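>
There are 8 protein chains.
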Amino acid sequence: MLLSKGDKLLFIGDSITDCERKKPEGEGLFGALGKGYVSLVDALLQAVYPDLAIRVVNKGTSGNTVRDLDGRWQQDVLDQKPDWLSIMIGINDVWRQFDVPFIKEWHVYADEYEATLRKLVSETKPTVKGLVLMTPFYLESNEQDGMRAAMDQYGAIVRKIAEEFDVIFIDTQAAFNVVLEELYSATLAWDRVHPTAAGHMVLARAFLDNIGFEWKRS
Amino acid sequence: MLLSKGDKLLFIGDSITDCERKKPEGEGLFGALGKGYVSLVDALLQAVYPDLAIRVVNKGTSGNTVRDLDGRWQQDVLDQKPDWLSIMIGINDVWRQFDVPFIKEWHVYADEYEATLRKLVSETKPTVKGLVLMTPFYLESNEQDGMRAAMDQYGAIVRKIAEEFDVIFIDTQAAFNVVLEELYSATLAWDRVHPTAAGHMVLARAFLDNIGFEWKRS
Amino acid sequence: MLLSKGDKLLFIGDSITDCERKKPEGEGLFGALGKGYVSLVDALLQAVYPDLAIRVVNKGTSGNTVRDLDGRWQQDVLDQKPDWLSIMIGINDVWRQFDVPFIKEWHVYADEYEATLRKLVSETKPTVKGLVLMTPFYLESNEQDGMRAAMDQYGAIVRKIAEEFDVIFIDTQAAFNVVLEELYSATLAWDRVHPTAAGHMVLARAFLDNIGFEWKRS
Amino acid sequence: MLLSKGDKLLFIGDSITDCERKKPEGEGLFGALGKGYVSLVDALLQAVYPDLAIRVVNKGTSGNTVRDLDGRWQQDVLDQKPDWLSIMIGINDVWRQFDVPFIKEWHVYADEYEATLRKLVSETKPTVKGLVLMTPFYLESNEQDGMRAAMDQYGAIVRKIAEEFDVIFIDTQAAFNVVLEELYSATLAWDRVHPTAAGHMVLARAFLDNIGFEWKRS
Amino acid sequence: MLLSKGDKLLFIGDSITDCERKKPEGEGLFGALGKGYVSLVDALLQAVYPDLAIRVVNKGTSGNTVRDLDGRWQQDVLDQKPDWLSIMIGINDVWRQFDVPFIKEWHVYADEYEATLRKLVSETKPTVKGLVLMTPFYLESNEQDGMRAAMDQYGAIVRKIAEEFDVIFIDTQAAFNVVLEELYSATLAWDRVHPTAAGHMVLARAFLDNIGFEWKRS
Amino acid sequence: MLLSKGDKLLFIGDSITDCERKKPEGEGLFGALGKGYVSLVDALLQAVYPDLAIRVVNKGTSGNTVRDLDGRWQQDVLDQKPDWLSIMIGINDVWRQFDVPFIKEWHVYADEYEATLRKLVSETKPTVKGLVLMTPFYLESNEQDGMRAAMDQYGAIVRKIAEEFDVIFIDTQAAFNVVLEELYSATLAWDRVHPTAAGHMVLARAFLDNIGFEWKRS
Amino acid sequence: MLLSKGDKLLFIGDSITDCERKKPEGEGLFGALGKGYVSLVDALLQAVYPDLAIRVVNKGTSGNTVRDLDGRWQQDVLDQKPDWLSIMIGINDVWRQFDVPFIKEWHVYADEYEATLRKLVSETKPTVKGLVLMTPFYLESNEQDGMRAAMDQYGAIVRKIAEEFDVIFIDTQAAFNVVLEELYSATLAWDRVHPTAAGHMVLARAFLDNIGFEWKRS
Amino acid sequence: MLLSKGDKLLFIGDSITDCERKKPEGEGLFGALGKGYVSLVDALLQAVYPDLAIRVVNKGTSGNTVRDLDGRWQQDVLDQKPDWLSIMIGINDVWRQFDVPFIKEWHVYADEYEATLRKLVSETKPTVKGLVLMTPFYLESNEQDGMRAAMDQYGAIVRKIAEEFDVIFIDTQAAFNVVLEELYSATLAWDRVHPTAAGHMVLARAFLDNIGFEWKRS
């Protein structure tokens, strides 16, 4: 397990991260962490490693692109002084190009995406013990699909930046692809984007497997 | 225009037809026809052919499969004594196989679909002036996609039955495909099934073009 | 078709234009264009001319008079930089004279109406590719009716200004009159002002016919 | 004053009578009489003739035609054993012919209207001290208007029946016409049917003037 | 009739005047005048004197004492430039002394009441054509009742000021007393303060009789 | 203390007893006993005599008269097999005579009240350990007030029946009168009927003092 | 993994199992399995073993005791024909003895609990492939606590029956105790009964570990 | 009785004090004092000592710690100029250490608690006639329980400060312990913190017994 006792682990992202989390705190009682993978990560950490006393904070906000993250980075990340930070962003950056194709100023193209994400990682890495970059994903098996192809491109950018800065990289698309071999995408997400509980578990498992979590501690 | 003055035109189907129509009447004041293609067909008929006094009735019900139509056919179709009848069914018959794959009894497979639809058409055709069969559709451009392929199979069944009984056949998938060449599916439907206003207009236009409607009457 | 690929087409007006559009954006996902003629125009453009990628924006606001348009013109029209602009205003300017006759300061009389509309057209025409002026209307067949007569007077002002500036003129009252020959006004509008879906289709068709739209592209 | 101490006065009719009255009682505390002319009649009787202790009951039901009154006559009129009965019906009988012209079975034509109303009056008159027939009305000044002309025809039927049975006749259209000479119809009713408070006062005054009410008792 | 064509008649007061009027305007469509005596006065004026075109405005606010009126006098009375003004205030000034006896700063005692009301009348009278002072009231027949006695004292103050300034005085308590001889107070007001429709009609009639209104114009 | 360990104490009555109790049980978790004197009695018994384990049940129903109690006596009293029973009824029997004086069939006059209450007490007394009769009350100090006088008459009937059957009698009016010497009735009840928390405490204290409760157990 | 491809796994129990599941189906789209351990079990099975196509059904109902299970056993268990059945019941059987101690008929004591549970297991075991008995639990570390001691007694009954019938036994209290060594009970459950997401994960993990689930399949 | 005629008695604290009181006033009509011990104290004072005219004000705020009280002390205590002040604070100061153990900045440890409470008492005592310090409490019988032990420690701090300043001290834990000998904690509070009506009565009684209240005045 890479996390140490008392570490503060902060997640930031879009609606996949948000999932009705409490605002603005992003932590506390009564389901404050929302209903998605962040809550599952927290539940698994508490259930299996209660002695580590990991403090999980959720700062996801529905609809966000990397441009929005940039706008609230000081307040929602740096001021929070996390020990560990996990970023999953890019779905809306891509999606708006496909569901409102005529409103160009709502699109965040690959160059802006890459530059902004690099800047955020660059300025934050020195302040944390660990940093995790999760790719955006699209629950579509067909790699030739236009939006899937675009999402893969953004995922490749995340991989490139993770390698540049030597931080933990999680290929969420790859994690989903294993399941999509067995199940049609509609079983995992009504709109190919917002996962069911099972889909969020795929994300939580991918995250945990990359930070040394073990289901049966030995 | 194939319809005559005073004809009663009844639509039956699933949520694409339903679209928040008034229940149980399916006609009347204040948006009783719902917000989908049925309302658009009615609006275009009234706007362009007000002298024809066509009476449109909407008996779509969300979530219905052909099995459900069979169960309410006497009350919602035969008892209504329509002059013209339009049927669009099959989306849920297919969809349940893909979004709840483990609950087999919610699936309506192709043989049952074909037998039931044939029975309904067979017993109804003698009672109406005209009958229209619209295929189900799936807003996915990739013909190799599993659910799209299944939907195409059901569409082919509709075509076969239409030919058997010599009734009007409307290939809604083909109508959408023209638009999908220009626009990604997410622009026309959040979940690839429930169309936007533009998507419903595609359906309405396909219907009207098959019954002799002319935008500019001459 | 007068519109070109990628054009931004902005509608401004009162409740007939508004129709529950999303505020303040007036565009986007999930019915952001409202439920009236603007949404129908957009749906028909997307369904028939998807390749043109026309971006439609709705800036109608319920209850507005031309005096209100003047107050928000910079923000809601000029700052939006539309390629095409369509204005339909005047119903409330007239209506308040008839439904709250004792509250004089809520009335916008013909001279103020004419002067304000001319000013708005004058300062905006140089900034757009095309400008459309739609008359206000009243769904009353009797031309001797007091409010119908007043509305006709305001419609004549719109025609005069359209001619002065050589912009597209749409006589919505004339479009409705064709239908009113067949249907009593109550069939098209509960209160003779807010049209049913069919009434909005009359408006959309009148608009489209004036910008070169063809139902069957050749 | 024609009413005697302790008389029970029952009103029956459509939405003009109903006006959100308490159901099913139609009397009691907290605005049980609704917000229309029935409540005004009761208020004026209590304010000016508190010693008469008149018991007012409201059995109006929105949307009713004379066909609906016939269906609930035993329960809502005869079983109530009123001393005085007032009937105002016919607006919906006519209106449906104009706002849903294609749904014929919702129309109540003049012959059925006359026969049904005569039957109800005939069987009820022997059971009450007094019976009042109020005409339906339409807040449209133009007598050539189609719906106004139809309403006048139904009003004439009411007059004929009142004369046949020698009961009190109230020409509500005439009462409104006096006001319509000064005010445009939209001032009195948004939709030409459902009156404002002022319009309901016109009805209440017409009723009271016909039963001997005096504003200043002498 | 003391009012002239086109006069603006403004009412100010507490919850008896307010009665769910539209805020902040206090006039307009759709029941903007509330459900109390102000609306009844307006309805009777429109029904009987439509040619006078009286504009009625309601500026009552629930819970107000004369201290509150003083605070909003400039905005809600003087800036409105009424031709006629009617004031009914004092019920809460007295009531708070009886229902929250321990919270002294919520009470408005007689001396403050008199001084404030005199100031308001003094500065306003020169600006209007006519001014009406209505007493507060309490629907309790027993003159020895503590709160009734206090209310009578405040009513006497109103009378004194009316005489000083020679404006129209309306003794609402006296108007109610006539009815209370026949009906127990609970019939007219659940809490002895907020009247039923009949109670509001008593107020409206008292007001109208003092400005020359005639039910049957001659 | 007259109650014994484990006794079941059931209260029945009207809205004063009901006070939003849980229906139909009238006992259980989360405020099931309502917000009135029954809940206060239970709270004081649990707080001071927790060892007695008294089970309190609330079967009050808003709007009830003794006629209504008669209708549900078998189900709500006898079938519950209480050890102790407390009855407080009569307020609505009287009140309806004063707030809806014209609807005679809603009134329960003194003879019916007395006969019904006697019957209920007679058939129930043999089945319980103890029975308590609480008078109805009216928070009006003036004994000459019509409704207070009537309520006193009904209270006298309760006293008479209590003496006949030798059961515990509680004069709630007397208990309130002590407080009304200091506080105006409006302080204790908005409408002279439904008490504030303080008023309910007066009732609870009167009840407890009659069953041997001691605030400081010795 | 003990489950086979296509197995139907049904959970029955009280609010811990229910957790807002869809009623009456207990399966389907959009969170139909609720928000508790059943949903987590399903999510983990789908995420890790998508090829097994396990169908999970949730028939928990809030507030149930074993007496309630008995009443709906035929409909909610036997008629469902599950391949595997998991039962967790007993918390309310015990809790009612402690939170409503005076309402004896709501308590299910140990003898009734044991007899009923044995009967249900006995008649169901022959119809299923596998049966799991989970103990009730109480999130209180102090074994001398009265309610904890009682819950332990009911847990021992579950163990005894599991051994008698040789079915899978899960000691949920033991699973929680490991975590309670690190965390105070209030961290896992507001009321010591309804777990947080972390608490539900403890339950899901205990269940899965007993049916051969492996986080990392090999 | 230590309070004198007309005294203003202000309570401040957390959710136990708040109990849905009206904000921001904390006094007035219609249950403004909330549903907890403050309302019960007021009800008992009014019912038994109506002549004393004690004015009770509730300034409790849910979720508050002593740190929060410090932040609003000027506005909610000193500016109110109470004659008597009662403080009960500390439950959340302790609870957050046990239900969100990882969020350290939400905890108020004993040293800060003591220093802040001492400061508030010190600066307020000179301004009031009487000051009451109530301990926080925890409805858990087991003194070895971690949170109970912590709460006892904070209670001891309250006692120490009360002795230092010679103000009235109320040991609420001791008052509850008497009842907890008979009833399991779940009977008095769902979550061991928020009492039932009976639990609030224990608090009210403890308060009143310490200010000389007598149930039966002699």
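Chains as they are written, first to last, in the numbering used here: chain R, 125 to 342; chain X, 125 to 342; chain S, 125 to 342; chain L, 125 to 342; chain E, 125 to 342; chain B, 125 to 342; chain V, 125 to 342; chain W, 125 to 342. We put the beta carbon where it would ideally sit given N, CA and C, even for glycine. Keep in mind the model is a prediction, meaning the values are calculated, not measured.
Look at the Cβ atom of E:T296, then the Cβ atom of E:M258, and state whether they are nearer than 8 Å.
Contact: yes.
> Tell me the DSSP secondary structure of L:I136 in three-state form.
Here L:I136 sits in strand by DSSP.
> Could you pull out every residue in the same chain whose Cβ sits closer than 7 Å to the Cβ of B:I178, ignoring the five residues on either side in sequence?
Answer for B:I178: L127, D131, L133 and L169, listed in chain order.
> Can you pull out the residues from the stretch 308–324 of chain V whose beta carbon lies closer than 7 Å to at least one beta carbon of chain W?
Residues Y308, A310, T311, W314 and D315.
> If I measure Cβ to Cβ from X:A156 and keep anything under 6 Å in the same chain, skipping five residues before and after, which residues do I get?
Within the same chain, X:A156 has close Cβ partners K146.
> From W:W230 to V:A313, what distance separates their C-alpha atoms?
When rounded, the distance between both Cα atoms is 19 Å.
> Considering B:V190, what are the terminal residues of the alpha helix (DSSP H) in which it resides?
Per DSSP, B:V190 belongs to the alpha helix (DSSP H) from V190 to D200.
> Does any CB atom of chain R fall closer than 8 Å to the CB of S:D150?
Sequence inspection shows Gly at residue 150 of chain S; the Asp mentioned does not correspond to that position. Not one chain R Cβ lies under 8 Å of S:G150.
> Please classify E:A239: is it buried, with 16 or more other beta-carbons within 10 angstroms of its beta-carbon, or exposed?
So E:A239 ends up on the exposed side.
> For B:L332, which of helix, strand or coil comes out of DSSP?
Three-state DSSP puts B:L332 in a helix.
> In terms of alpha-carbon separation, which member of X:L176, X:S309 and X:D290 lies closest to X:R272?
The candidate whose alpha carbon is nearest that of X:R272 is X:S309.
> Please report the straight-line C-alpha distance between B:I136 and V:I294, rounded to a whole angstrom.
When rounded, the distance between both Cα atoms is 48 Å.
> By DSSP, does L:T226 sit in helix, in strand, or in coil?
Looking at the sequence shown, residue 226 of chain L is not Thr but Phe. Three-state DSSP puts L:F226 in coil, outside helix and strand.
> Please report the straight-line C-alpha distance between X:A321 and L:V317, rounded to a whole angstrom.
The alpha-carbon atoms of X:A321 and L:V317 are separated by roughly 33 Å.
> Consult DSSP for R:I281 and reduce its assignment to one of helix, strand or coil.
Helix.
> If you drop the 5 nearest sequence neighbours on each side, which residues of the same chain put their C-beta closer than 6 Å to that of W:C143?
Here the set comprises G158, K159 and G160.
> Listing by chain order, which chain W residues have their CB less than 9 Å from the CB of V:P206?
Here the premise fails: no neighbours, minimum Cβ distance about 34 Å.
> Looking at C-beta atoms only, is the number of pairs between the stretch 205–219 of chain V and the stretch 175–192 of chain V that lie closer than 8 Å three or more?
They touch, by the three-pair rule.
> Out of L:E151, L:F289 and L:P319, which one is the CA nearest neighbour of L:Q204?
It is L:E151 whose Cα lies nearest to the Cα of L:Q204.
> For V:R341, does the count of other Cβ atoms within 10 angstroms reach 16, so buried, or fall short, so exposed?
Exposed, by the Cβ-count rule.
> Using a Cβ-Cβ cut-off of less than 8 Å, list which residues of the stretch 148–177 of chain V approach chain X; keep chain order.
Answer in chain order: E151, G152, L153 and A177.
> Mind checking whether S:A330 and S:I281 have CB atoms under 8 Å apart?
Their beta carbons are not under 8 Å apart, which means S:A330 does not touch S:I281 by this criterion.
> Counting only C-beta atoms, is E:R179 closer than 8 Å to chain S at any point?
So, interface residue.
> For L:R329, go through chain C and note every residue whose CB falls closer than 7 Å to its CB, in chain order.
Here chain C cannot be found, since the structure's protein chains are R, X, S, L, E, B, V and W.
> Looking at W:V181 and W:K249, is the spacing between their C-beta atoms short of 8 Å?
For W:K249 and W:V181, no; Cβs fall outside 8 Å.
> What separation, rounded to the nearest whole angstrom, lies between the Cα atoms of V:D223 and B:L176?
If you take the alpha carbons of V:D223 and B:L176, they lie about 16 Å apart.
> Run down chain V in chain order and give the residues with a C-beta less than 8 Å from the C-beta of W:N266.
In chain order: N266, Q268 and D269.
> Could you name the residues of the same chain whose beta carbon sits closer than 6 Å to that of V:V256, not counting the 5 residues immediately before and after it, in chain order?
S210 and I292, listed in sequence order.
> In chain order, which continuous runs of the beta strand (DSSP E) of length 3 or greater are located wholly inside the stretch 263–311 of chain E?
The qualifying runs are 292–294.
> Tell me whether the beta-carbon of X:R242 lies closer than 8 Å to the beta-carbon of X:I213.
It is not a contact, given that the beta carbons lie outside the stated cut-off.
> Measuring CA to CA, which of R:P206, R:P260, R:N266 and R:A299 is closest to R:G279?
Of the candidates R:P206, R:P260, R:N266 and R:A299, the one whose C-alpha sits nearest the C-alpha of R:G279 is R:P260.
> Taking Cβ to Cβ, would you say S:K253 is nearer than 8 Å to S:D200?
For S:K253 and S:D200, no; Cβs fall outside 8 Å.
> What's the C-alpha gap between V:L123 and V:E149?
Since the displayed chain V opens at 125 and closes at 342, residue 123 of chain V lies outside it and no answer follows.
> Could you confirm whether any beta carbon from chain V is found closer than 8 Å to the beta carbon of W:F300?
Not an interface residue.
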